[in-house]
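Notes to accompany the following structure.
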Amino acid sequence: MKQNENIFINWSTFKRVFALNPALIFNNDAILETLKTKVDSKFFDSSFEDERDEEIDNSNTYELMHELELDSFDLANDSYIEILASNFHKYKQEAENFLLNELKISKENLKIISLSTKKEVKIRQTLELIQHALDLNLELVILNPVLGFDKFQNDHTFTFLYNPFALYIKDQKISIFLLSYTSTSKYETYYLSYYLYNIAKKLNLEINSIKNIIIDPRDKIFNTPKKNKLSFLITEAAWVSNTITKSKSLPYLDYLNNLEFFMKKSGLGLEFFNATFENATSHNYPINFVKYPFNNSFLACAKNNKIEQEIWVINKASYKIELLSSLNSFYDSIKDDLPINKYQGHFRFQNMFAAFEYPNIEAYKLVIPNLKPITKKQAIKEFFSFQDFNWYLKLIIKAFLEFNSEININAILFFAKYYDSNEQDNVKSLNIVNNWLNQSKVNYLINYDWIEINDFFIKEAKEITNLLREYLLKSENFEYIQYSGKFKKTKDIRSIQLLKDSINDFNSIPSSFNIETLNIIKNIHIKDALISWYDYEGFSDIFPPVDGIASYNQVVCQVSVITTKNGIEQSCENIVKDPKNITCQDFVEIIDAIYKDKCHYYVVYNKGYENTRNNEILKLVRNKIFNELDLEFGKWLMQRYNNTLESAYKLFAHKIEHINSNTIDLADVFTPKKLDDDQSQNTFYFSQEANEIKIINNVTKPQTSLPIAYIQLSYLKSFYSIKKIEKFITENNIKVKNIITPYSTLKIQKGTMAMKEAINRFLEATNDSVWENNIVPELKKYCENDVRAMIMVYDLIMYLAKIFFGNIDAYEYKLDNSNGFVTLGKYQLKNNELSFDLIN
1 MKQNENIFIN WSTFKRVFAL NPALIFNNDA ILETLKTKVD SKFFDSSFED ERDEEIDNSN
61 TYELMHELEL DSFDLANDSY IEILASNFHK YKQEAENFLL NELKISKENL KIISLSTKKE
121 VKIRQTLELI QHALDLNLEL VILNPVLGFD KFQNDHTFTF LYNPFALYIK DQKISIFLLS
181 YTSTSKYETY YLSYYLYNIA KKLNLEINSI KNIIIDPRDK IFNTPKKNKL SFLITEAAWV
241 SNTITKSKSL PYLDYLNNLE FFMKKSGLGL EFFNATFENA TSHNYPINFV KYPFNNSFLA
301 CAKNNKIEQE IWVINKASYK IELLSSLNSF YDSIKDDLPI NKYQGHFRFQ NMFAAFEYPN
361 IEAYKLVIPN LKPITKKQAI KEFFSFQDFN WYLKLIIKAF LEFNSEININ AILFFAKYYD
421 SNEQDNVKSL NIVNNWLNQS KVNYLINYDW IEINDFFIKE AKEITNLLRE YLLKSENFEY
481 IQYSGKFKKT KDIRSIQLLK DSINDFNSIP SSFNIETLNI IKNIHIKDAL ISWYDYEGFS
541 DIFPPVDGIA SYNQVVCQVS VITTKNGIEQ SCENIVKDPK NITCQDFVEI IDAIYKDKCH
601 YYVVYNKGYE NTRNNEILKL VRNKIFNELD LEFGKWLMQR YNNTLESAYK LFAHKIEHIN
661 SNTIDLADVF TPKKLDDDQS QNTFYFSQEA NEIKIINNVT KPQTSLPIAY IQLSYLKSFY
721 SIKKIEKFIT ENNIKVKNII TPYSTLKIQK GTMAMKEAIN RFLEATNDSV WENNIVPELK
781 KYCENDVRAM IMVYDLIMYL AKIFFGNIDA YEYKLDNSNG FVTLGKYQLK NNELSFDLIN
């Protein structure tokens with residue numbers, strides 16, 4: 001690098017300092033490539049294939065684009081990313097309009113920094129606008145601002161900068177607005193706020209508030225998304241958790257779970273949880289919503305150099321189902337004083353809290369649910385203490401000077417040895433980094449007996465960790481096996497010795513076949529049963545693709561259905577709905593295609609995906625009929641089912657309930673699980689040698705504490721994706737009845753490719769002619785191939801079964817389910833022979 005050339009440090013680089021591994025701050029792509037070259041890994045990429053690869057989360061891509069705006073990014077070399085970039089700018093425009101409307105800003109009080117100017121110019125223009133507004137006491141919104149300062153060292157100029165979404169100056173007070181690309185106020189925002197606050201401090205700017213604009217989570221929680229429309233919400237805090245999920249506690253009224261879920265996703269609940277309420281015995285009524293500084297806010301934590309929260313939750317004991325009558329009575333006593341009358345009947349008490357469903361919460365007289373401090377941890381907990389900002393600057397500059405021009409694997413291992421995520425304050429790791437900062441030379445060649453890399457701030461941590469493991473074991477001539485986390489999780493094998501032990505454990509498990517496999521597929525063996533094999537493809541977008549489907553939620557736009565009877569194909573139907581114009585009618589037609597004439601059973605691979613989509617479709621249809629009162633859709637449904645609206649809905653609901661209740665999931669056969677002693681008894685072992693499967697007798701059974709699949713294939717390394725099973729069949733030349741088209745010969749080879757085509761069409765990047773003539777036929781080929789792959793997996797199961805049970809042909813397609821014989825019975829061994837019997 002030339003001397004005096006600027007080194008720009010943006011948030012995506014700076015945040016890596018919190019991982020306390022200086023050797024991983026810069027050159028992350030080069031680090032991965034270097035490690036791959038060192039280990040010559042032949043299985044790395046394929047082993048990281050997701051078990052279901054149809055999911056694409058573009059939120060991270062949008063966040064990257066936000067940072068790349070600093071460089072006037074040009075992504076024209078990637079057509080898909082270019083399309084997303086157009087969507088990204090549309091999203092930003094919507095958020096800008098929202099903010100300007102919220103602040104009631106006129107054009108004369110708005111300044112926009114050009115994206116095409118250089119970073120240094122953007123910083124200067126931003127500071128000039130801020131100073132001008134402060135000097136003249138103006139009200140001003142600055143869009144596309146860039147805050148940054150320079151630090152000079154070793155003939156280098158280090159510029160630390162960030163481009164917040166907007167700055168707002170009023171009454172000589174500065175507010176920073178961030179923009180999120182999800183419906184969750186993220187924990188990471190506390191760290192970003194610390195960074196931003198300290199940049200402003202270096203510029204002698206006093207920040208009055210730091211706020212985050214998120215997609216309003218209430219749209220999804222309370223089922224109000226509208227096609228191509230977004231609602232936003234401004235928040236000043238986040239729940240301290242990497243993942244936030246809705247409580248499913250059954251004894252309680254679900255509406256309170258929804259309310260708590262909203263409070264956690266938005267961070268707004270933290271304001272209430274911090275407050276002291278009078279009248280707590282009356283559901284905290286009434287409470288006036290007051291905006292005030294609180295110690296959980298982004299700004300407060302940045303100022304105080306620590307992230308802490310006083311954690312309270314809704315007291316669910318006050319909202320048990322058996323208390324419904326008293327809740328309604330209390331509501332009846334105050335209802336005349338409440339402005340919302342949305343809910344009727346047995347659940348009218350929900351009107352007490354319904355103000356939380358609407359924008360401008362502060363405009364309503366609020367009823368706050370009864371609250372209680374958490375009991376599992378201390379009510380007040382300090383989650384993270386920041387070092388002095390100058391300490392981080394010193395760290396990142398030294399990391400650049402030492403590691404930017406050279407990949408030092410030993411240094412990566414050195415710092416990874418001392419990092420322990422179980423240690424709350426990371427004292428050991430901090431001491432090591434401190435020593436490194438104060439020494440001119442460090443000996444990185446030590447005994448590397450522990451590897452852990454912070455995966456919150458280093459997004460490639462999983463990949464790097466696995467490559468480092470292989471690198472170390474290869475140096476010891478110890479064969480590395482990269483198995484699925486279904487076998488053992490990364491954090492359970494951080495020490496090298498535990499890693500070796502876990503590989504030895506894995507190697508101790510021979511390939512095997514458990515008789516419970518046959519009980520998973522027993523219903524396919526029923527004589528004359530009509531079986532529907534089906535697979536969905538879908539897409540998602542930051543803009544709701546249809547009414548009732550929230551941002552990033554999957555929308556089914558394609559299904560392939562093959563029906564069989566006694567193993568003979570009866571029909572094959574491939575349906576692709578146009579993502580550009582998809583409707584609720586399309587969803588009904590998709591369900592009807594799967595249901596057929598009430599097939600007996602439905603086969604999928606990973607029912608969690610298909611059954612969830614089915615339930616979402618039912619919810620959409622119910623909402624169309626009973627909430628939106630869509631007369632046109634109601635008329636269409638009545639005509640389709642030749643019945644009254646209520647009866648037509650019940651028939652449709654029955655179809656989905658029938659499909660979900662009679663689903664056979666082939667993935668259950670290959671998913672590792674801990675088997676009890678009884679389950680592990682009827683297990684048969686085999687080996688694969690020279691494309692031949694041989695029975696192994698007198699095998700020492702593996703520990704029952706190890707997760708083992710009903711069909712355990714060493715080849716799969718505890719992964720269970722259908723594409724890996726297809727490779728096992730192909731590479732071992734196993735002669736099954738049904739062979740699929742090799743995915744490598746298809747134009748669309750995996751779910752992510754299918755999803756990209758659907759997204760392109762939804763965003764109108766694919767015209768009608770190309771869609772109908774070029775894309776749709778290829779989508780049909782791919783989806784049908786996935787269904788035929790399921791049938792091929794079934795054939796593999798039966799191929800293995802015939803090796804161990806010579807009489808299996810006596811049962812396949814011959815079981816009689818009269819009087820529920822198959823439903824109540826199971827396969828078992830009798831006198832070393834397969835038998836199907838009723839279970840007492």
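Take the sequence shown: its position 488, counting from 1, is numbered 488 in full-length UniProt numbering, and each next residue is one higher.
Glycine is no exception: its CB is placed at the ideal position from the N, C-alpha and C atoms.
- Around the beta carbon of Asn-257, a 10 Å sphere encloses 16 or more other beta carbons of the protein chains shown; the residue is thus reported as buried.
- Between the segment 570–582 and the segment 488–505 there are fewer than three C-beta pairs closer than 8 angstroms, too few to call the two in contact.
- Taking 8 angstroms as the cut-off, the beta carbon of Val-576 is found no closer than this to the beta carbon of Val-621.
- Using a 10 angstroms sphere on the CB of Val-121, the tally of other CB atoms stays under 16, which defines it as exposed.
- Under a 10 Å Cβ-count criterion, Ser-333 is classified as exposed, with fewer than 16 other Cβ atoms of the shown protein chains found around its own Cβ.
- Burial check for Leu-179: the Cβ neighbour count within 10 Å reaches 16 or more, so the residue is buried.
- With contacts defined as CB atoms closer than 8 angstroms, Lys-826 and Ile-808 fail to qualify as a contacting pair.
- At a Cβ-Cβ threshold of 8 angstroms, Gln-712 and Ser-511 count as neighbours.
- Put simply, of Ala-30, Asn-443, Met-263 the residue whose alpha carbon is nearest the alpha carbon of Ala-355 is Met-263.
- By the criterion of a C-beta distance shorter than 7 angstroms, Asp-586 is surrounded in its chain by Lys-577, once the five residues flanking it on both sides are discounted.
- Between the C-alpha atoms of Leu-32 and Tyr-715 there is a straight-line separation of about 25 angstroms.
- Taking 8 angstroms as the upper bound for CB-CB distance, Leu-233 and Ser-266 are in contact here, some 6 angstroms apart.
- Per DSSP, Ser-183 is not a residue of any alpha helix (DSSP H), being assigned neither H nor E.
- DSSP places Lys-826 in the uninterrupted beta strand (DSSP E) bounded by 825–830.
- Counting only runs of 4 or more residues that sit fully inside the segment 167–234, the alpha helix (DSSP H) segments are 188–202, 218–221, in chain order.
- Per DSSP, Phe-356 lies in no beta strand (DSSP E) segment and is marked neither H nor E.
- Shown here for Cys-301: same chain residues with a beta carbon closer than 6 angstroms to its own, the five before and five after excluded, namely Tyr-190, Ile-307 in chain order.
- Between the alpha carbons of Leu-815 and Ile-520 lies a distance of about 14 angstroms.
- In terms of Cβ geometry, Leu-259 and Phe-353 form a close pair [threshold 8 angstroms].
- Listed in chain order, the non-local C-beta contacts of Lys-747 below 6 angstroms within the same chain comprise Glu-778, local neighbours out to five positions each way being set aside.
- Excluding sequence positions up to five before and after Leu-24, its CB lies within less than 8 angstroms of the CB of Arg-16, Ile-31, Ile-412, Phe-415, Ile-453, Ile-458, Ile-464, all in the same chain and listed in chain order.
- Pro-145 sits away from Thr-159, with the two beta carbons spaced by 8 angstroms or more.
- Looking at the DSSP output, Gln-558 bridges to Glu-537, Val-576.
- Beta-carbon to beta-carbon, Ser-560 and Val-787 are separated by about 5 angstroms, close enough to satisfy the 8 angstroms threshold.
- Counting the other CB atoms within 10 Å of its CB gives Ile-321 a total below 16, which places it among the exposed residues.
- Here DSSP, grouped into helix, strand and coil, assigns Glu-726 to helix.
- Note on geometry: alpha-carbon atoms of Asp-336 and Leu-323 lie some 22 angstroms from one another.
- Note on geometry: alpha-carbon atoms of Ile-130 and Gln-172 lie some 9 angstroms from one another.
- Counted as a single uninterrupted DSSP element, the beta strand (DSSP E) harbouring Phe-836 occupies residues 833–838.
- Restricting attention to Asp-668, Lys-655, Pro-702, the CA atom closest to the CA of Asp-677 is found in Pro-702.
- Sequence-distant Cβ neighbours of Glu-764 in its own chain, meaning closer than 7 angstroms and more than five residues away, are Lys-580.
- Shown here for Lys-220: same chain residues with a beta carbon closer than 6 angstroms to its own, the five before and five after excluded, namely Ala-550 in chain order.
- Contact annotation: Asp-420 and Ile-496 have beta-carbon atoms that are not nearer than 8 angstroms.
- Going by DSSP, His-156 is part of no alpha helix (DSSP H) but of the beta strand (DSSP E) stretching over 156–162.
- Counting only residues of its own chain and dropping the five nearest sequence neighbours on each side, Glu-516 has a CB closer than 7 angstroms to the CB of Gln-679, Tyr-710.
- Annotation for Ile-396: Ile-9, Phe-14, Val-17, Ile-25 place their beta carbon closer than 7 angstroms to its own, counting only its chain and skipping 5 residues before and after.
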